[in-house]
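Written below as structure tokens is the structure these notes are about.
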Amino acid sequence: MIFGGCSFSKYTPSSVTETYNQKDEYIHAHVDPQYALGSGDIIDINVWREDDLNRRILINQSGEISYPFVGNIQINGMSMFQLKDIITETLSEYFINPQVTVNIVTSQSKKIFVLGEVRQPGMFNMFGPTTAIEAVSMASGFTRDAKKKNVLLVRGGLNDPDLKSLNLKAALKKGDITQNLALQPGDVLYVPTVAFASTERFFNRINSIIRPIINMEYGLAIWPQVEDTLNISGREGSRSTTQIQLIP
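What follows is the structure in structure tokens.
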């Protein structure tokens, strides 16, 4: 999806360009007009008939970008429409009716994880409101062994994780929207297998995909709660007494 927009310092590593080209169609189809820009996001800015003003920009850690005629702009939390208005207003002082567009190339500021019995588990960008079912779709759907009626949503940090069990089978078959929750940046969606959800399987997912971002201790610490929420047999020894929130 394209929006009249903004401009910033050039950022053109080949790896970013390749990622953009491969996912361009998907990204444009899923970007929310009110998507809040954030640090780490990469944006394309184009001005019609003004090639010298076209830029691919990385929003820096302070949430700022720099663009010709405009200078440095703090854009953290802005929508693309808001940024477009700022850029267009400034360029209007130098050009007649500038036509500016902005494309999201990569979202680094909003990530979710979809793990377990999905076809392509991993980390995914959020370009707007994303439900649990949409997240599974981003991971290419359930495997045939997926336990759809007991999907685990992990939210929050290590000290106070919030775990919810979602019945996505009911959401898909009966249209039960109470089970198809909207996800938040940093959420982990774990789809167990029909037969069992083992400690080893859970740890392997955490280790292979989340470990570069979330320490392995996170998985170890919340596993007793994962077992409780999934209603599976736990390991020998003590069980966690932490309250687990279940969606009725």
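Position 206 (the sequence shown) corresponds to 206 in UniProt numbering; numbering is contiguous. For glycine and all other residues, C-beta sits at the position ideal for the given N, C-alpha and C. Keep in mind that this is a model prediction, so the values were computed, not measured.
Taking the beta strand (DSSP E) that residue i falls in, what are its first and last residues?
i    : result
M123 : G122 to N125
V188 : V188 to V191
Apart from the five residues on each side of it in sequence, which residues of its chain come closer than 7 Å, Cβ to Cβ, to residue i?
i    : result
W48  : Q99
N60  : S39
Y94  : F69
S107 : D41, N125, M126 and F127
S109 : G38, S39, G40 and D41
Mapping the DSSP letters down to three states, classify residue i as helix, strand or coil.
i           : result
V154        : strand
L183        : coil
I133        : helix
K164        : strand
K173        : helix
K111        : strand
A139        : coil
A146        : strand
G116        : strand
residue 250 : The question about residue 250 has no answer here: the residues shown for the chain are numbered 1 through 248.
Just to confirm my understanding: we take residue i, look at its own chain, exclude 5 residues before and 5 after, and list those with CB closer than 8 Å. What are they?
i    : result
Q74  : S62, G63 and E64
I133 : L168, A171, L172 and N180
R119 : A139, S140, G141, F142 and T143
L91  : V47, L53, F69, V70, P98 and V100
K149 : N167, L168, K169 and A170
P185 : S109, K110, K111, I112 and M126
State the Cα-Cα distance for the pair residue i and residue j, rounded to the nearest angstrom.
i           : j    : result
Q160        : V154 : A quick correction: the sequence has Asp, not Gln, at residue 160. So the alpha carbons of these two residues sit roughly 10 Å apart.
residue 282 : I96  : Because residue 282 is not part of the residues shown, which for the chain are 1 to 248, the question remains open.
L166        : M123 : 20 Å
G141        : I43  : 28 Å
M138        : G38  : 21 Å
L163        : Y35  : 26 Å
Y190        : A171 : 16 Å
G175        : P121 : 24 Å
N125        : L115 : 14 Å
V151        : P192 : 7 Å
T178        : P33  : 25 Å
K111        : A135 : 11 Å
E85         : G156 : Residue identity check: residue 85 is Asp in the sequence provided, not Glu. Computed Cα separation, rounded: 35 Å.
E50         : G77  : 27 Å
I104        : E117 : 29 Å
Give me, in chain order, the residues of the same chain whose beta-carbon lies closer than 6 Å to that of residue i; leave out the 5 immediate sequence neighbours on both sides.
i    : result
T130 : L183
V194 : D145 and K147
V188 : F113 and V154
S79  : Q34
Practice problem: Would you list, in sequence order, the uninterrupted beta strand (DSSP E) runs of no fewer than 3 residues that lie entirely inside the UniProt domain "Polysaccharide export protein N-terminal" (31-104)? | Solution: If we require 3 residues or more, the beta strand (DSSP E) runs fully inside the UniProt domain "Polysaccharide export protein N-terminal" (31-104) come out as 42-47, 55-58, 64-67 and 71-74.
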